[in-house]
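Note sheet for the following structure.
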Amino acid sequence: MANENKLVRGIVIGALVGAAVSLLDKHTREDVIQAGKNVSSKIKGYVDEPTTLTSEVKQKIDNVKDKVQEVSEDLSFLNEKVKELRETTPQVVGLVQETKERFIPKRDQS
1 MANENKLVRG IVIGALVGAA VSLLDKHTRE DVIQAGKNVS SKIKGYVDEP TTLTSEVKQK
61 IDNVKDKVQE VSEDLSFLNE KVKELRETTP QVVGLVQETK ERFIPKRDQS
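With full-length UniProt numbering, letter number 3 in the sequence shown gets 3, and the count goes up by one each step, no holes.
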């Protein structure tokens, strides 16, 4: 248990040190500040208009449902094609074998 505490503490300290070092770069600092402002603005917008969040979540769910439906249809199509290939492959092999048997004896006689 003590080792787990040391590990978690080491990970947290490493993450904090890494974050602090990365903020020494002016460009990174500006990006973090801008991202914070964007998040803050969005949260304030959701607090003022909770229906906006609800409608956005519903839209995302609808998009995911559409994608799942598309993938499901694609998988059904592929499954059907694999089934067709399984059925036709033995027929094709038989035709090739018949053709081979038909022409090989003629070559041997020549």
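In this text, a Cβ means the ideal position worked out from N, Cα and C, and glycines have one as well.
According to DSSP, is residue 25 helix, strand or coil?
As a working mapping, residue 25 is identified with position 25 in the sequence shown. Three-state result, residue 25: coil.
For the putative contact between residue 23 and residue 12, defined by C-beta atoms under 8 angstroms, what is the C-beta separation to the nearest angstrom?
Here residue 23 is taken as the residue at index 23 of the sequence shown, counted from 1. Here residue 12 is taken as the residue at index 12 of the sequence shown, counted from 1. Distance from residue 23 to residue 12 at the Cβ level is roughly 17 angstroms; contact not present, criterion being Cβ atoms closer than 8 angstroms.
For residue 80, which of helix, strand or coil comes out of DSSP?
Here residue 80 refers to the residue found at position 80 of the sequence shown. Correct three-state label for residue 80: helix.
Helix, strand or coil for residue 30 per DSSP?
The residue given as residue 30 occupies position 30 in the sequence shown. Three-state DSSP puts residue 30 in a helix.
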